[in-house]
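Quick notes on the structure that follows.
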Amino acid sequence: MVLFYHAEYMQDMKNKLEILYEDNQIIVVVKPINILSQSDSTLDIDMLTLVKEYIKEKYNKPGNVYIGLVHRLDRPTGGIMVFARNSKAAKRLSNQIQNKEFKKSYLAVIPGFNKQKGELTNYIDKDSNGNSFITTKDKGKYAELKYGLIKKIDNLSLVKIDLITGRHHQIRIQFKNIGYPLYGDQRYGIKDNKQLALFAYRVEFFHPVSKERMVFIKYPNYGIFNKFLEVFYE
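No gaps in the numbering here: position 18 of the sequence shown is 37 in my numbering, and each next residue is one more.
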């Protein structure tokens with residue numbers, strides 16, 4: 020009975036998969052909130068499996084399907100993810116990430132935040148429970164981001180964040196470190212059962228084969244982000 024339910028849920032998720040672009044090298048999709056990027060010990064549905072199943076079904080491919088995971092999003096974070104459809108594309112995209120040619124931008128809602136723009140630089144480490152924390156240069160990995168305030172409504176600020184490095188829980192821990200945890204951040208902020216307001220809305224990279232510059236944008240339309248919808252589409 021449990022397996023039957025899981026199969027139904029998997030098919031439903033595949034049917035709802037939002038695909039922004041696909042060819043024989045890459046596939047660009049939107050990860051829903053609260054879905055894993057890749058499988059973990061919970062065995063819950065994850066994006067890597069969903070994309071593999073989608074490709075297998077669409078192109079009637081027998082056996083295992085190769086899909087390369089080149090970057091991740093935290094489970095409660097929604098937004099754009101890029102997957103490679105072969106190992107060569109995966110390697111070239113990974114190289115772009117290492118060379119900072121693969122650019123990712125996020126939207127976040129942050130209570131009480133008033134700073135117009137700036138950058139945050141820290142060193143981050145992770146403990147055995149999967150929590151990130153700010154530490155010293157000799158113990159952590161360098162983390163950098165840039166931000167700009169887009170609009171403030173009441174006590175809530177919509178902030179654009181350009182991620183320079185990609186550390187574990189980086190955005191969440193760096194803003195918490197300056198006293199402004201993200202709206203709905205159950206791990207690093209107030210445990211109020213609200214949805215984390217963090218969304219990967221823009222990615223920019225070069226196609227692994229054609230070298231064409233590719234830019235994808237998707238605005239969030241759920242939860243507290245709905246308060247700012249007029250900003251996205253004005």
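No residue lacks a Cβ here, since even glycine has one placed at the ideal position from N, Cα and C.
Within the same chain, and ignoring the five residues on either side of lysine 158 in sequence, the residues whose Cβ sits closer than 8 angstroms to its Cβ are Tyr142, Asp144. Residues Tyr142 of the same chain have their beta carbon placed closer than 8 angstroms to that of lysine 156, with the five preceding and five following residues left out of the count.
In the DSSP annotation of this structure, the continuous segment of the beta strand (DSSP E) that includes serine 151 starts and ends at 151 to 154.
In terms of CA proximity to glycine 137, Lys165 leads the group Lys165, Ser124, Arg111, Gly131.
Cβ atoms of glutamine 57 and aspartate 63 stay farther apart than 8 angstroms, at about 11 angstroms. In this structure, phenylalanine 225 keeps its C-beta atom at 8 angstroms or more from the C-beta atom of proline 239. When DSSP states are grouped into helix, strand and coil, lysine 107 belongs to the helix group. Per the C-alpha coordinates, the member of Glu72, Asp181, Tyr161 positioned closest to leucine 168 is Asp181. In this structure, tyrosine 202 keeps its C-beta atom at 8 angstroms or more from the C-beta atom of valine 84.
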